[in-house]
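Asker:
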Amino acid sequence: MMLTRASVEPEQGSVAVELSLGIGLLVLPMALLVLLLPTWLERQSMARVAAQEAARSVVVAADPQQAGTIASQVVTRIAVNYGLPAEAITVRISGGLDRGQVVTATVSVDMPATNFPGLTEVGGFSYTTAHREVIDPYRSLP
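One gets this note's numbering by counting positions in the sequence shown from 1 and adding 5 to each.
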């Protein structure tokens, strides 16, 4: 059997190019998404809890004039417990403060688009949730 010149020359493949493109375009974005998903879920959960606690604190507040301040303090304490700055979360209370009325606490939290642990957060969006509580119709208010 005689060897031809084509079979003697070394093959030149494109595995190196495909590997680097595959890592750069597929693996790294998926790794960033996997790293950010727990942060997003944690902040969503925190926002829901903060809205529930803020609405509840308004409903059971002894002084209706201080209810908004108490709700803001509760939300700030929850944000600090989760390691967030107080500026990353906002609360808005709406509704009446009379018996039988509905109080709505709306909480917005900043969600990072990219999060480099120990360095910074780049970009992002805001997640908003609300919770409603009814003021007890038989409650004796001052």
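C-beta atoms are modelled at their ideal positions from N, C-alpha and C, and glycine is treated no differently.
According to DSSP, simplified to helix, strand and coil, what is I28?
Answerer: Here I28 sits in helix by DSSP.
Asker: Which first and last residues belong to the beta strand (DSSP E) in which E47 is found?
Answerer: Element bounds for E47: not the beta strand (DSSP E) but the alpha helix (DSSP H), 33 to 64.
Asker: Taking 7 angstroms as the cut-off, is the CB of I75 close to at least one heavy atom of the ligand GTP?
Answerer: Questions concerning the ligand GTP fall outside what the structure shown contains, since it holds no ligand whatsoever.
Asker: In this structure, how does DSSP classify A93 when only helix, strand and coil are distinguished?
Answerer: Here A93 sits in helix by DSSP.
Asker: Assign R104 to buried or exposed, taking buried as 16 or more other Cβ atoms, counted over all protein chains shown, within 10 Å of its Cβ.
Answerer: When all chains shown are included, R104 counts as exposed.
Asker: Quick one, which of S25, L37, Q57, P43 has its alpha-carbon nearest E138's?
Answerer: The shortest C-alpha separation from E138 is found at Q57.
Asker: Going by the CB atoms, is the gap between I98 and A55 shorter than 8 angstroms?
Answerer: No; because the gap between Cβ atoms is not below 8 angstroms, this pair is not in contact.
Asker: Would you list the residues sitting across from Y132 in a DSSP beta bridge?
Answerer: For Y132, which the question treats as bridged, DSSP gives the partners V114.
Asker: For R82, collect the residues of the same chain with a Cβ closer than 6 angstroms to its Cβ; drop the 5 residues on either side in sequence, then sort them by chain order.
Answerer: Once the five neighbours on either side are set aside, R82 has no close Cβ partner at all.
Asker: Using a C-beta cutoff of 8 angstroms, does S113 count as contacting chain C?
Answerer: This model lacks chain C altogether; it includes just one protein chain.
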